[in-house]
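Residue numbers (my numbering): 1 to 556. Using N, Cα and C, we set each Cβ at its ideal position, and we do this for glycine too.
Spelled out as structure tokens, the structure:
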């Protein structure tokens, strides 16, 4: 059996100009990055704004397990399947981060015969977006420390600088650092730290900005710390928003690539969903809606994280809400949520499927709260049995939810045809009537409680003393009307990653809030979620290499 990278390297790519023609674009609409990658220029984005919106489909999933769910794979295979049944579809995905690529997951561009290409380049340096975001982030850190060194006109309290440096790698040694050592000419010593680039507020800003002016405004609003009088200091106070926008002017443009079957795909932006909002850029999604009849996009991790944030944080910046939501699951993963060990997943176990369905059921019910039609996609594995699927099918039918198997890893678009048809039929029969989970006027405490009770199915929210003090400050500053971005483990509805299935009546403890005024939300840190991950004992990087001809080896 071929690996993902072997399948990707055996595929024949079409020139990106040909892919662009499928969505009505020409050579003049593109900024080429070689033969198979391009960015869409701003004039083209402006030109297509008058076009009618296509249908928007959000792909999400159950809580991830070591058994695998294949959300990106299903997203890609579903778009290929839609094109195979005669629809015009394209994809809007996030860019992979080098942290997980070299950490646990390996490559992150789909799998099998449902991949976006060129897979190696997308997973590594791509068009340089991640580097631009990292550079802008660290440029701001340099401007902050230089301002303090040069006399600190703004009276910044060095103990209350909340802006961190960033690197697009998993590097636990950088979580807490001290900068400015070495004497007066080296700067002012202070405690600092690093986030992974995809957790940087600049990544969130890039993915929510609607144009260059909006990008600049959002960058200006970033809170970098506080004065000795506890007054917030912003990028606008430092007067460097123009320089930061300049560093990001090309990174804001959506990247166009293709699937193995030639389906056009925007791959742009990549905030994590457990520590950020987990969605690709607004600009890519919005532009895709103007270029095709069906846009398939995804949100990170399970629906309790990525989908909730897509619907409550991203959708208000789009011209429309999703017409349908696809919840991806595997029978293997459901059996893990049902209590089975990873070593026991290849044997038929209907009881474990029934028990594990509690996790899927809760995600379905959560998405239905938004008044959007839901379809369940079962990503097939060869170990699945007919009895297990029939049991799952019956459980979904009892909820009046359509379900379809998808064999897209093995069969590409052909394996996604059935799911594509079920999706089209569902959209035609069930109108979407999007309703947000909470309103901006509600307090931050009320928003947190709404998420915990309606999405996680917990009992209540508790706050540390620090968080309570921050809430008082936010209310005083007028920041309490912003949406909440919960930073929580992806493995459980609770803040305890060991609680699989569908735990009930637990408490969520918020230890700290982080104001992200540029992004336009407040991050609530729960559990032990960190904004700089670490590498495992045996990282995926151990399998990676390059041969004498420059061919990538072992990426996935």
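Cβ-based burial, residue i [other Cβ within 10 Å; buried from 16]
| i | result |
| --- | --- |
| residue 86 | exposed |
| residue 111 | buried |
| residue 63 | buried |
| residue 145 | buried |
| residue 147 | buried |
| residue 202 | buried |
| residue 384 | buried |
| residue 55 | buried |
| residue 292 | buried |
| residue 258 | buried |
| residue 253 | buried |
| residue 27 | exposed |
| residue 185 | exposed |
| residue 97 | buried |
| residue 229 | exposed |
| residue 498 | exposed |
| residue 546 | exposed |
| residue 528 | exposed |
| residue 280 | buried |
| residue 127 | buried |
| residue 469 | exposed |
| residue 440 | exposed |
| residue 417 | buried |
| residue 390 | exposed |
For residue j and residue i, the rounded distance between their alpha carbons
| i | j | result |
| --- | --- | --- |
| residue 181 | residue 190 | 8 angstroms |
| residue 502 | residue 394 | 19 angstroms |
| residue 322 | residue 402 | 17 angstroms |
| residue 360 | residue 378 | 11 angstroms |
| residue 4 | residue 118 | 12 angstroms |
| residue 437 | residue 505 | 19 angstroms |
| residue 467 | residue 315 | 27 angstroms |
| residue 404 | residue 375 | 8 angstroms |
| residue 113 | residue 407 | 10 angstroms |
| residue 134 | residue 461 | 34 angstroms |
| residue 524 | residue 387 | 42 angstroms |
| residue 451 | residue 509 | 13 angstroms |
| residue 166 | residue 354 | 43 angstroms |
| residue 250 | residue 1 | 39 angstroms |
| residue 14 | residue 262 | 7 angstroms |
| residue 243 | residue 131 | 16 angstroms |
| residue 22 | residue 246 | 32 angstroms |
| residue 297 | residue 20 | 18 angstroms |
| residue 549 | residue 121 | 16 angstroms |
| residue 434 | residue 93 | 22 angstroms |
| residue 238 | residue 152 | 11 angstroms |
| residue 57 | residue 269 | 18 angstroms |
| residue 248 | residue 392 | 47 angstroms |
| residue 399 | residue 443 | 33 angstroms |
| residue 72 | residue 162 | 33 angstroms |
| residue 16 | residue 91 | 15 angstroms |
Residues near residue i in its chain [Cβ-Cβ closer than 7 angstroms; skip 5 each side]
| i | result |
| --- | --- |
| residue 305 | 273, 274, 278, 488 and 490 |
| residue 82 | 89, 294 and 420 |
| residue 574 | For residue 574 there is no data in the structure shown, the boundaries of the chain being 1 and 556. |
| residue 482 | 520, 521 and 522 |
| residue 303 | 60, 61, 327, 363, 366 and 367 |
| residue 426 | 324, 373, 375 and 402 |
| residue 227 | 154, 155, 156, 157 and 233 |
| residue 422 | 375, 402 and 404 |
| residue 342 | 66, 67 and 336 |
| residue 199 | 272, 275, 276 and 531 |
| residue 11 | 117 and 260 |
Residues near residue i in its chain [Cβ-Cβ closer than 6 angstroms; skip 5 each side]
| i | result |
| --- | --- |
| residue 115 | 8, 109 and 260 |
| residue 477 | none |
| residue 557 | In the structure displayed, the chain extends from 1 to 556; residue 557 sits before or after that span and is not available. |
| residue 332 | 67, 345 and 381 |
| residue 463 | 510 |
| residue 75 | 59, 296 and 298 |
Anticipated Cβ contact below 8 angstroms, residue i with residue j, distance rounded
| i | j | result |
| --- | --- | --- |
| residue 178 | residue 192 | 7 angstroms |
| residue 40 | residue 287 | 6 angstroms |
| residue 413 | residue 84 | 4 angstroms |
Cut-off 8 angstroms between Cβ atoms - residues of its own chain near residue i, not counting five sequence neighbours on either side
| i | result |
| --- | --- |
| residue 544 | 102, 552, 553, 554 and 555 |
| residue 234 | 220, 221, 222, 223, 224 and 517 |
| residue 52 | 290 |
| residue 236 | 220 and 221 |
| residue 448 | 461, 484, 486, 508, 510 and 524 |
At least 3 beta-carbon pairs within less than 8 angstroms: the region 139–156 vs the region 211–218: no
Contact between the region 467–487 and the region 307–315 (3+ Cβ pairs under 8 angstroms): yes
The region 340–347 / the region 41–53 touching (three or more Cβ pairs under 8 angstroms): no
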